Every structure is written in structure tokens, then in C-alpha cells.
Amino acid sequence: MKARIWRKLHAEEAKRFDQVYELMGQTAGLSLGDAFGILQSGLTVAEFMARKERSQRKAAIKQARGQVDNALVADFLGAFIEQKTELSVVLAERSLLDTLLSEEAIAFTFERTGRLEKLQVVLIARRGDWERLMPTLDRDAKLTQKPAQVARQPDKRPYSDPRPFLPHIGQTVKLVMRNGITVEAPLLRVGRFDVLLGEPGHELFIPLHALLRFEAPPAPPEDDDDDEVSAAPPDFEG
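Residue numbers (the numbering used here): 10 to 247.
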């Protein structure tokens, strides 16, 4: 009985390898692992490779976010919660006046509005700061009338990797949001999912998912001397 099962499995395995090598012969550059994956998934070569590319992009974004310290941005929101600061919460087509009660991974909870998905938020600022700034801002007329949608998959958004923003901290940058609002101000902080712009004490909180365009001057060159000083020899590391 066992011998018959083994012979059957061996024959099926041999057939599978034949199919794999045939597929590799038909598709230039296809690896053995990908060929097996295609046969097991039942997808076409194009469908499988597209799915693989999406998975790789998602993994790369997750890794990139993990390399950025989020503490300063989290503390910024925490101060709003603790101080019960009155805020202007800018959405795609309207603004809210509210106070922040809590922050979750995918949502904010406000005192009057209740739970609000983060993807809906374009910008958060102190009420007084936003009321002073709003009349001076440029707006894209087309986006004001019809705001761009936010892709739920981070790899399909214009900006999900926070690392390209890091070299521009301290520089004046230009951000165009999905509802047409254009902000040109110093970049203060960069978190895993959001940035802070403006002046200390008058910051604008802007999620990366709300961005359509990002313009900045060339990043300043790295100081080799500073690198040598900051890179302590292993014997002196704490």
C-alpha cells in the first residue's frame, strides 16, 4: 500500500517538475521558486509577478517606516490630547472644530465628531493658527472642486516611505494636499506616517497619505567630520 502511494506521489512530483521546467523554458528569467509559485497559485505569469511585486513593495514600505522614529510626532499629538487643545481638523471637503481624545493605529477619536478614520484627515492644526494661515494659502482649483482619493494600499499612494523627507528637516518645503491646499513652510519633524510643518508652537500636522506633491531644495551635503565624530569606535560604545 505504502509503495503504491509512494510511486503515485513520485510520479506526480516528477510531473510537477516537468511543468515547472517547461514554464521556465517558456518564460525568460523565471526562477525555479517563482515557477513553482505560479503552478501552485493557478495564476498566470503576469498575475503572479504583479502580486509578488505588490508584496515586495508593501514589505519595503513597512521596513522603511520601521527605520523612522515616531516618538516626536506621537508626543505632539499626545500634548493635544492632554491639553484638550481646540483644533481645526481639515478633511477633503470640509473642516471641523474639535478636541482630540485619543489616537489609534487607523483612527482618531474627537470629542464632538467621535471616531474618524485617519485616511479622511488632510491636516490638523491649532484653531487659531489655522484661522490665521488659511486665507494666505494657495489652492489648486481642480483639486478643491474634486479632491483626489486616497488609496487604501500604502504602496499605491504617492508618498508612504517617510525616509526621503528626513534630509529636508529644517528646510522650507512645499506640500500639495489631495484637496488642493498648498503649504510652504519649514519641515520640523518626520514620523513614520506624518510630518510636522511650520514654526515651533504653531505646527501643522500632515499625514503622508494626504500628499500629492512634495517639493524641496536639494538636501544639504552630509558633513564627513560630523560622521567621524558621531561614529564611536566599538570599544567605546555603551
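Just so you know, even glycine gets a beta-carbon here, dropped at the ideal spot from N, CA and C. These numbers come from a predicted model, not from an experiment.
- Residue environment analysis places Asp170 among the buried positions, since at least 16 neighbouring C-beta atoms fall within 10 angstroms of its C-beta.
- For the pair Leu109 and Arg198, the CB atoms are not nearer than the 7 Å cut-off.
- Judged by DSSP in its simplified three-state form, Ile115 adopts coil rather than helix or strand.
- In the three-state reduction of the DSSP assignment, Ala134 falls in the strand class, which pools E and B.
- Residue burial annotation: Leu184 is buried, with at least 16 other C-beta atoms found within 10 angstroms of its C-beta.
- Here Leu146 is exposed, its C-beta having fewer than 16 other C-beta atoms within 10 Å.
- Looking at the backbone, the Cα of Gly75 and that of Val131 are separated by about 23 Å.
- Beta bridge pairing from DSSP links Met58 with no other residue.
- In this structure Leu86 does not touch Glu126 by the C-beta definition: roughly 16 Å separates them, more than the 8 Å allowed.
- The continuous alpha helix (DSSP H) containing Asp43 extends over residues 41-50.
- The beta-carbon separation of Thr191 and Arg148, rounded to 7 Å, stays under the 8 Å limit for a contact.
- Assignment of Pro163 by DSSP, reduced to helix, strand and coil, places it in the helix class.
- Collapsing the DSSP output to three states places Ile178 in coil.
- Under the three-state reduction of DSSP, Ala194 is assigned to strand.
- Sixteen is the threshold: since fewer than 16 other Cβ atoms of the shown chains lie within 10 Å of the Cβ of Arg60, the residue is exposed.
- Between the stretch 149-158 and the stretch 195-214 there are fewer than three inter-stretch CB-CB distances shorter than 8 Å, so the stretches are not counted as touching.
- Contact between Val99 and Phe119 is ruled out by a C-beta separation of about 13 Å, above the 8 Å threshold.
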